[in-house]
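Note sheet for the following structure.
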Amino acid sequence: MIRTDTDTVSRFNKVGEKDKNHPVYSDTQIEQVLELALKNTDMNGDGYIDYLEYKISDYKAKKKQEDNLARGLKIDQ
């Protein structure tokens, strides 16, 4: 099975082939990112992100992005 590479349409990779340029993250790094996301999104502190919390967080992120664009700031995602 062959899929197109998202970076370059003319390059193909076999499914299951490792991308040598893709960074490998440790379990600790992944855990830190998820903890930060949970901390910033879980507003009631119950350990879950419900739909309303997700939508509020999404709205705030989009609003911040729009504000930065309006001020001419570069946005890193």
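Okay, so the sequence shown: first residue is 1 according to the UniProt record's numbering, each after it adds one. Glycine included, each C-beta is placed from N, C-alpha and C at the ideal position.
- Query: So T41 and E31 are in contact, right, with Cβ under 8 Å, and what is the actual spacing, rounded?
  - Reply: Wrong, their Cβ atoms sit about 16 Å apart, outside the cutoff.
- How is the alpha helix (DSSP H) around K20 delimited, first residue to last? Counting along the chain, K20 falls outside any alpha helix (DSSP H), and DSSP gives it neither H nor E.
- Beta-carbon proximity list for V9, same chain, < 6 Å, skipping 5 on both sides: Confidence at V9 is low in this model, with a pLDDT of 45, below 50, so its placement is unreliable and the value that follows should be read with caution. None.
- Query: How many Å lie between K64 and L73 at the Cα?
  - Reply: 11 Å
- Query: Thinking C-beta only, is L34 closer than 8 Å to I49?
  - Reply: no
- Message: For the alpha helix (DSSP H) containing S57, name the first residue and the last one.
- Response: Y51 to A70
- Continuous alpha helix (DSSP H) stretch holding L34: start and end: Here the alpha helix (DSSP H) through L34 covers D27 to T41.
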